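A.B. asks: Going down the list, the sequences are from chains A and B.
Note that the first sequence ends on residue 108 in full-length UniProt numbering; no numbers are left out.
Note that the second sequence ends on residue 108 in full-length UniProt numbering; no numbers are left out.
All C-beta atoms, glycine included, are put in the ideal place defined by N, C-alpha and C.
Keep in mind it's a predicted model, so treat the numbers as computed, not measured.
Number of protein chains: 2
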Amino acid sequence: MPRPRKHVFVCNQSRPPGHPRGSCSKNGGTELLQAFWQELQKRNLYEVIAITYSGCIGPCDQGPNVLVYPEGTLYSKVSPGDIGEIFDSHLLGDQPVERLLAPKDIWN
Amino acid sequence: MPRPRKHVFVCNQSRPPGHPRGSCSKNGGTELLQAFWQELQKRNLYEVIAITYSGCIGPCDQGPNVLVYPEGTLYSKVSPGDIGEIFDSHLLGDQPVERLLAPKDIWN
Numbered sequence: 001m002p003r004p005r006k007h008v009f010v011c012n013q014s015r016p017p018g019h020p021r022g023s024c025s026k027n028g029g030t031e032l033l034q035a036f037w038q039e040l041q042k043r044n045l046y047e048v049i050a051i052t053y054s055g056c057i058g059p060c061d062q063g064p065n066v067l068v069y070p071e072g073t074l075y076s077k078v079s080p081g082d083i084g085e086i087f088d089s090h091l092l093g094d095q096p097v098e099r100l101l102a103p104k105d106i107w108n
Numbered sequence: 001m002p003r004p005r006k007h008v009f010v011c012n013q014s015r016p017p018g019h020p021r022g023s024c025s026k027n028g029g030t031e032l033l034q035a036f037w038q039e040l041q042k043r044n045l046y047e048v049i050a051i052t053y054s055g056c057i058g059p060c061d062q063g064p065n066v067l068v069y070p071e072g073t074l075y076s077k078v079s080p081g082d083i084g085e086i087f088d089s090h091l092l093g094d095q096p097v098e099r100l101l102a103p104k105d106i107w108n
């Protein structure tokens, strides 16, 4: 993997059923990861964007969470339907998708 | 989790026994992650540094691999004995540990 211009971490933390914090995996994180990988493949952007799963990156009840580096942008409650906009606006256009940003009291 | 000044991703990718690429998990990535978390706890730096496990981030045969953002520094063949220096020099002192950098033909 070459050094990517954007590195997207998709939380796939799982926890036991009934755990009070829930988890991004339970909230759709695994399907979201697969959809990110499909979009990367469709656009053939392997040389410039990396998509990696990760453990917990923050607000579990707001998941699934997605963190983009190097700028350190945290998105919450991301669904597969948001991925096209994240690619177009942020990963390729450098404009974060405001409506998906995690609350500022959690991540600022 | 507040937004960290440094975010350390420790690869914990696993693969089936005998897989030709091997994996960071097989190369000690899981023990390394635990050691990073212990160091974070010992130094009580939860407000400024985040340690997160991740899926594959690159050169599996050079693992275990560790990736530090926002600067995007990739370390290879990291062992628990290197962690103190990574904290002192890089995570707190902003000077990457040169001897642990991944080869430039892999990550530049």
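Name the chain A residues whose beta carbon is nearer than 8 Å to that of B/F36?
C.D. replies: Within 8 Å Cβ-Cβ: nothing; B/F36 doesn't reach chain A, min ~12 Å.
A.B. asks: Closer than 6 Å by C-beta to A/F9: which residues in its own chain qualify, once you throw out the five before and the five after it? Chain order, please.
C.D. replies: T52, S54, L67
A.B. asks: What residues of chain A sit near B/F9, judged by a beta carbon separation below 8 Å?
C.D. replies: The contacting residues are F9, T52, S54.
A.B. asks: Going along the chain, which residues of its own chain have a beta-carbon closer than 6 Å to the beta-carbon of B/R15, five neighbours each way excluded?
C.D. replies: Around B/R15: S23.
A.B. asks: Please report the straight-line C-alpha distance between A/C56 and B/E98, rounded to a whole angstrom.
C.D. replies: In a straight line, the C-alpha of A/C56 is about 29 Å away from that of B/E98.
A.B. asks: Where does A/P44 land, buried or exposed, given buried means 16+ other C-beta within 10 angstroms?
C.D. replies: A small correction: the amino acid at residue 44 of chain A is Asn; Pro does not occupy that position in the sequence shown. Exposed.
A.B. asks: Identify the contact partners of A/G58 in chain B, using a Cβ-Cβ distance below 8 Å as the criterion.
C.D. replies: M1
A.B. asks: Taking the alpha carbon of B/L101 as the reference point, which residue from B/L92, B/K77, B/I83, B/E85 has its own alpha carbon closest?
C.D. replies: B/K77
A.B. asks: Measure the CB-CB distance between A/L32 and A/G58 and report whether it falls below 8 Å.
C.D. replies: No.
A.B. asks: Using only the alpha-carbon positions, how far apart do B/Y69 and A/Y69 sit?
C.D. replies: If I take the Cα positions, the gap works out to 7 Å.
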